[in-house]
Structure formats: structure tokens, C-alpha cells
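In our numbering, the protein residues as written are 1278 to 1577. Backbone N, C-alpha and C fix where the C-beta goes; we use that ideal spot for every residue, glycine too. Quantities reported herein were computed from a predicted structural model and do not represent experimental measurements. Data first, discussion second: the structure below is written as C-alpha cells.
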């Protein structure tokens, strides 16, 4: 929710208002489940718990406990039913900021293994949300092998969707930390007893190659593409390569019963916005600017 694990002096009020605004409007767009990570407790435990009470926002954590009573601070997992398919989701974080004296962080590897063992028999798809850097969790991936998906935050690098995920291992997706993209994962299951295949690269290939063919066809839409470039053997070779690539990609897509695909949606100005929400967000940003000006004056 925050850009850092600490609040910048003089900008505390605007940072909390931004976080509240994000949670408010995402809660209106559907069911969102958030793994509590190091940058979510920046304004304290009370702040995040108040957001959960005030909005239809769902925070998950399987390894953050109350120091006094040793009870979990958040719901530790959720099981969703989607068209007869049971999807289990849980989250862990490697660490939190050191000054959170009322929170105990249990070992994230041990707690993740415990949740995987508990949930695996109950669900068809098991999703693990992990707040840690690859440097810390990479050596433990084999211990999470019974999960189907692992979505990580806190890592600078992002997953390249065009690189196919290996069958038989958890599909691992790094979402980055800058918030400039939204990661989207689509899953289509026809047979629960068969493995899931990542078809992101085939979908990208079919789409990109089709676009390139359409671009070549634009030179003369009324003619066959072979007639347009009959005197350009290199272009015709490219056309043949593109067609074979599309055919190969479509063959995989048509013959894969259980498909999974992942893509990043850039959050640029070209993305259409809901006008009423955008209007409210602009008001909030204006308020944040005024709060920053006031806060910085008081601290100077």
C-alpha cells in the first residue's frame, strides 16, 4: 500500500490518504485478496485493520501473529469456489519492519509448508502469495513444490510472460515493486486430473504474428498477400514463417485441456479509466498535494 516501509516526514497524512483511496476503489471492483507484506504495515497495524473494517478488503497472512496472545492477526487463507473449481489462497512474508513490537513474524518457510500440507487435499488449485526477494526464497522453492502458483512481491525484476513455465513445478510469477503494471493470470480447467500448461508464449506468438501479417496486408487489402509481395522473396519468406508460427501456437492452444496464461497490463495514460472514479482520485491527489505542503511547513 505504501512506497516504502517508513513514512516520509511531513508526508504521513498524504501517504495514508493515498493508501485508503487505493483500497476503497479496488474493493468496489471485485474480490481482492492481499498478502500483508513489509510495506503494508508502514502506518501501523491499527491502520491496516481499520481499512479492512471500513471497506470490503481482504488481507491474508499465515505467519503474522499477535505478540500477546499468539493469535493470527489476519485471516490465514481463503478457499474460493469458481464454477466447481476450488482455489485455495494463502500468504506469507519473510519479515516486517523492526519497530512493529506488537507483531511476531513466524518463519515464513515453515508456515508456508504447513499451509500447503493443510490446504492441498482441500483444493484443486493452490496459490501462494509471497512477500520476499528472490535471493531469500529461491533456495526454498523445492519445499513449496505442492503449490500450483507462487506470486511474489518485493522483487525488483518482473516475470517475462513469453518464457514458458515448466510443467510439474509451481508457476512462479514476480510482480515487481513499482506498481506500474497489473499482473493478470487466466486459468481454464477442463480436466482436474490433468496438469496445467502455461500457454502465455503461444498466445503472445499468435497475437504478435497475426498483427504483423495484418500490417503487411495493409499495403493492399484487396489483394492476396502473395500477390502484393510476389517480387519480394524475403517478405514472402517472412509471411510463411509467421503463418507457421501461428499454426504451431494455435495447435498447442487447441490441444491443451488445462490452460494458464499470464500477462502484464501497463498502467499508462492510455488505459481507460472509469470517469467517476478518476474524478474522485484527482480530488484526492489535489488534497494530498495540499497535505504535503502543510506537513512540510510544519516539519521545516
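Are the CB atoms of residue 1389 and residue 1369 within a distance shorter than 7 Å? yes
To the nearest angstrom, how far is the alpha carbon of residue 1534 from that of residue 1467? 5 Å
Would you tell me roughly how many angstroms separate the C-alpha atoms of residue 1347 and residue 1385, rounded to the nearest one? 16 Å
Could you check how far apart the C-beta atoms of residue 1529 and residue 1479 are, in whole angstroms? I think they sit under 8 Å. 5 Å
Entirely enclosed beta strand (DSSP E) segments - the segment 1286-1326, minimum 3 residues: 1310-1312
Should residue 1333 go down as buried or exposed, given a rule of 16 or more other Cβ atoms within 10 Å for buried? exposed
CA-CA distance, residue 1532 and residue 1401? 21 Å
Going by DSSP, what residues sit across from residue 1407 in a beta bridge? 1369 and 1429
Taking Cβ to Cβ, would you say residue 1519 is nearer than 7 Å to residue 1541? no
When you compare the CB positions of residue 1318 and residue 1377, do they come within less than 7 Å of one another, or not? yes
Quick one, which of 1475, 1490, 1489 and 1570 has its alpha-carbon nearest residue 1536's? 1475
Which same chain residues end up closer than 8 Å to residue 1434 when comparing Cβ atoms and leaving out the 5 residues on each side of it in sequence? 1411, 1451 and 1453
Taking the alpha helix (DSSP H) that residue 1512 falls in, what are its first and last residues? 1510-1531
Given this structure, state the Cα-to-Cα distance separating residue 1563 from residue 1429, to the nearest angstrom. 32 Å
DSSP three-state label for residue 1391, please. helix
Among 1539, 1302, 1300 and 1514, nearest to residue 1473 - alpha-carbon criterion: 1539
Nearest CA to the CA of residue 1437: which residue from 1351, 1409, 1458 and 1300? 1458
Could you check whether residue 1379 and residue 1355 sit closer than 7 Å to each other, using their CB atoms as the reference points? no
Contact under 7 Å by Cβ, residue 1447 with residue 1424: yes
Evaluate residue 1338 with the Cβ neighbour count: other Cβ atoms within 10 Å of its Cβ, from every protein chain shown; 16 or more gives buried, anything less gives exposed. buried
Short check: CB of residue 1483 to CB of residue 1527, under 7 Å? yes
Identified DSSP bridge partners for residue 1382: 1341
Is the beta carbon of residue 1336 less than 7 Å from the beta carbon of residue 1315? no
So which of 1321, 1325, 1366 and 1407 has the shortest CA-CA distance to residue 1308? 1366
Once DSSP output is grouped into helix, strand and coil, what is the label at residue 1349? strand
Which same chain residues, not among the five before or five after residue 1417, have their C-beta less than 6 Å away from its C-beta? 1386
Indicate the three-state DSSP secondary structure (helix, strand or coil) for residue 1441 in the structure shown. coil
C-alpha gap between residue 1352 and residue 1326, whole angstroms: 11 Å
What number of angstroms, rounded off, separates the C-alpha of residue 1359 from the C-alpha of residue 1567? 44 Å
Residue span of the alpha helix (DSSP H) that contains residue 1478, given as start and end: 1477-1494
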